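> Numbering (my numbering), first residue to last: 63 to 443.
Note that the Cβ used here is the ideal one computed from N, Cα and C, for glycine as well.
Computed from a predicted structure; not experimentally measured.
A single structure is presented below for examination.
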Amino acid sequence: MMFGNVVIGTGVMMAAGTLNDIVDSLSISVATAGQLISSSALLVCFGAPVLAAVVAGWDRRKLLVGSLLWYALWHFLAALSPGFYSLLGFRAMAMLAAAIFTPQAASCIGLLVKEHQRGQAMTFVFLGWSVASVLGMPLGSWIGGHFGWRWSMGLIALLSVIGAYWLWRQMPSKVLPPALSGAAWRQTLTSRTIWVTLSVTMMLAAGQFVLFSYLAPYVKERFGVSPAQFSLMLLAYGSMGFVGNALLSRFIDRIGPSRCILISLSSMCLSVLIAGEVTHATGMALALGFWGLGGFSSNSAQQARLASQAPWLASASISLNTSAMYAGQAIGATVGGWTIVHQGMSALPQRGLIGLLLAIGLSLLATRYARLHPLRSPEKA
């Protein structure tokens, strides 16, 4: 499952890493290229909860393997895209696999481990996104910069097939989470605690993707970095993301996901403050290090937070969390594109900081709501 998240995460982040080459090869503007991120994010946002309901009774081994093969097919077609709009459509179709794989892997991992290991197991599975940022995204960016973005898309297709085969060999069959009843969905959708927690995910993703969506053109314009230098900057970002998630996996069951999220958000706020002030690529690499330290661990902690609030609703709440994350990405990419057109590339960090500060406030509110309005299982009511 972790390798599957490596592949999914690399594919999701690939557009941001290869944006410069896509802009140049297809002769489009940076803001237009940003639609690759915002449109796909919106599709996943609305698709994740619908797909969660559709596949509720499916064997999770077949479901996860099938989603990776779907990912492979559409990335292969994306590599052959004749123009921007076909690329836009193919990538959007590929992202349906992301709407399934990550939340369903997170929700079913609880069925494969003991209860006291759930938080650690969930963060370990999500560690795949950190590995994607350490290895997959820099490698994809380097390949895109030297051979073209089509080769990067082809790499994702190949890795998806490998991941599907590996998962089929390693994961037991007949993993069937209990189907959520209408009452469970109603409890999820009417819970203020869950909705406030989901708003944290949306705002932290929005704050990140104001800048992250346009990171490649941002560092090129401000610091004049080459594709190889940009790959090294992504390596710094991804390495610290791996460290952050590893630390989270070690300590989350001890100090709790709510405190972990505040630490992660504080690290990201520091990163965008540094990014807005530095004048050299080395300083930007430092900023990306703090960003990676908090970025991936915050996503993992949010999933663990939702699972701990109501384990019996995890399939629904984590699917909604995926929707919230991609809604935030769409908002961030849209705000970032508007900022570039109207205020210039240099204003991106300040706009991202606003979203992250809002996420901190909402996280404090979510902690209060969870204490005042705890969720109760119908079996215990």
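Spatial neighbours of P200 within its chain, please: CB distance less than 8 Å, with the 5 preceding and 5 following residues excluded, ordered by chain position.
G79, S293, L294, L296, L297, G300
> Applying the 10 Å Cβ sphere with the 16-neighbour rule, what's the burial state of R433?
Exposed, by the Cβ-count rule.
> Grouping DSSP H, G and I as helix and E and B as strand, with all else coil, what is A443?
Since pLDDT at A443 reaches only 48, below the 50 mark, its modelled position is unreliable, and the value read off the structure follows with that caveat. Reduced to three states, the DSSP call for A443 is coil.
> Helix or strand or just coil, what does DSSP make of Q405?
Q405: coil per DSSP, three-state reduction.
> Do G303 and L415 have their C-beta atoms within less than 9 Å of each other?
The answer is no: Cβ separation not under 9 Å.
> Which parts of the stretch 67-130 are runs of the alpha helix (DSSP H), unbroken and 4 residues or longer, counting only runs that do not cross its ends?
Taking 4 residues as the minimum length, the alpha helix (DSSP H) runs contained wholly in the stretch 67-130 are 81-88, 92-95, 97-116, in order along the chain.
> Give the single residue among A386, A409, T429, C331 whose Cα lies nearest to the Cα of Q371.
T429
> Looking at C-beta atoms only, is the number of pairs between the stretch 379-399 and the stretch 319-339 that lie closer than 8 Å three or more?
no
> Apart from the five residues on each side of it in sequence, which residues of its chain come closer than 6 Å, Cβ to Cβ, to A77?
L98, I99
> Would you check if the distance between the CB atom of V272 and the CB atom of G71 is smaller than 9 Å?
no
> Please classify V196: does DSSP put it in a helix, a strand, or coil?
helix
> Can you give me the C-alpha to C-alpha distance between S195 and R321, rounded to a whole angstrom?
24 Å
> Would you give the residue range spanned by the alpha helix (DSSP H) that M63 belongs to?
Premise fails: M63 is in no alpha helix (DSSP H) and is neither H nor E.
> The alpha helix (DSSP H) spanning K282 covers which residue range?
277-285
> Quick check: the stretch 115-125 against the stretch 208-223, are there 3 or more CB pairs under 8 Å?
no
> Are S275 and L81 closer than 9 Å when you measure CB to CB?
With respect to L81, S275 sits close: the two C-beta atoms are nearer than 9 Å.
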